[in-house]
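According to the numbering used here, the sequence shown is numbered sequentially starting from 343.
Contents: one structure, followed by commentary.
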Amino acid sequence: MAVHKKYNNGTKSNALGRGLDALISTEGVRTQGSSTINEIPLDQIEANPNQPRREFDDEALHELAESIKAIGIIQPITLRQVAENRFQIIAGERRWRASQLVGLRAIPAYIRTISDESVMEMALVENIQRQDLNAIEIALAYEHLMENNEMTQEKIAERVGKSRAAVANYLRLLKLPAQVQMALQKKEIDMGHCRALLALDSPSLQIKLFHEIQKNGYSVRKVEEMVQQIKDSEDNETAKKVIKGKAELPEEFTLLKNRLSQFLNTKVQFTCSPKGKGKISIPFANEEELEHIMNVFDQLKQN
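Structure, rendered in structure tokens:
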């Protein structure tokens, strides 16, 4: 039994939230039943092998299954026919998987005739819209579009509603060591950590610093500071000391640090590279300590 649904083909605003059709040109693409919802048996449907999403959260999938069990499928999935009584998912793999968990025999779907290139693009855009992909999955999808569909970074950016710089930043993630990429996929580190690590040319230093991030829970800002110190280092041994937090200050800087601590009557943090570049930080625990530090500086101005 088929259910009919009308599309709104009016002009839409130029934003990512417009939907797949607004972002991906369907000119020249034949559609079969594009305004009709068809009930397709689940056992006739297969996943797209080029689906950009590599991992599915089990808890979220079971939550979706419970929702489907309670109120049914609200939004039909989108398929293309690949053989007689065989269909491949273009968009909606989570709904298909959740429907299997519930024990449904069929699922409502739109059927389209569409190229491999457009299938990849549609799956990518749908997942980005739903924020379902992690950074590495997005990067791999962009790489696939470039290598298999001969798309440029500019073209990809246009299709997915991102800037070219954003696309380039995702692709750069694939240059990181595999264990760093895996940690990003598992959300053990942030994309900001990875961008900082990419500033290091040495994969071995990237891995060493990555291990310290895992061990000590360094913030992105802290990692950026450490990377800058490593880049200022004159040799590999000094760089390793920075990573381990064992970089030694020259004697004159150590004396200056101690004098500042005594003068301000508070702890002073002092970082410095062998080239003389560095930073002085004065941490405070509360407003009273901050007020004390400001009073000291005010007295200096008066003198």
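By construction, the Cβ of each residue, glycine as well, lies at the ideal position given by its N, Cα and C atoms.
The structure presented is a predicted model; accordingly, all values stated were derived computationally and were not measured.
Considering only the beta carbon of each residue, do residue i and residue j sit closer than 8 Å?
i	j	result
Ala412	Leu443	no
Tyr512	Ala477	yes
Val569	Ile555	no
Asp532	Val562	yes
Leu542	Ile572	yes
Gln430	Glu388	yes
Leu597	Ile624	no
Ile515	Ala465	As written in the sequence, residue 515 is Leu, which differs from the Ile given in the question. No, these two residues do not count as a Cβ contact at 8 Å.
Arg447	Gln386	no
Val610	Lys599	yes
Leu403	Arg454	no
Ile382	Ile449	yes
Asn380	Val461	no
Arg501	Glu463	yes
Lys550	Ile498	no
His486	Asn558	no
Leu526	Cys536	yes
Considering residue i, what are the terminal residues of the beta strand (DSSP E) in which it resides?
i	result
Val610	Here Val610 belongs to no beta strand (DSSP E), and DSSP marks it neither H nor E.
State the DSSP-derived secondary structure class of residue i, mapped to helix, strand or coil.
i	result
Ile366	Interpretation of Ile366 is limited by its pLDDT of 36, a score under 50 that renders its predicted location unreliable; no figure is taken from the coordinates.
Glu388	strand
Lys621	strand
Arg447	coil
Phe429	strand
Leu421	strand
Ile379	strand
Asp453	Per the sequence shown, the amino acid found at residue 453 is Ile instead of Asp. Ile453: strand per DSSP, three-state reduction.
Gln521	helix
Ala589	Caution is warranted here: a pLDDT of 48 is assigned to Ala589, below 50, making its placement in the model unreliable, and the coordinate value is therefore given only provisionally. In this structure, Ala589 counts as coil in the three-state DSSP scheme.
Ala541	coil
Gln393	coil
Thr373	Below a pLDDT of 50, predicted positions are generally treated as unreliable, and Thr373, at 41, falls in that range; the measurement from the model is reported next regardless. Strand, per DSSP.
Phe626	coil
For the alpha helix (DSSP H) containing residue i, name the first residue and the last one.
i	result
Ile572	Val562 to Asp574
Ile635	Glu629 to Gln644
Asn558	Pro545 to Asn558
Ile413	Asp400 to Ile413
Leu513	Arg506 to Arg514
Ile531	Note, Ile531: premise wrong, no alpha helix (DSSP H); not H, not E.
Ala499	Gln495 to Val502
Ala477	Ala477 to Asn490
Quick one: is the Cβ of residue i within less than 7 Å of any heavy atom of the ligand SAM?
i	result
Lys573	Inclusion of the ligand SAM in the displayed structure is not the case, the ligand content being empty and no account of it being possible.
Inset, instruction - Kindly confirm or deny that the segment 487-498 and the segment 518-525 touch, where touching means at least three C-beta pairs closer than 8 Å. - result: Taking one beta carbon from each stretch, the segment 487-498 and the segment 518-525 have fewer than 3 pairs nearer than 8 Å; the two do not touch.
Inset, instruction - Would you be able to state if there are at least three C-beta pairs under 8 Å between the segment 431-442 and the segment 412-421? - result: With a cut-off of 8 Å, the segment 431-442 and the segment 412-421 count as touching, because enough Cβ pairs lie within range.
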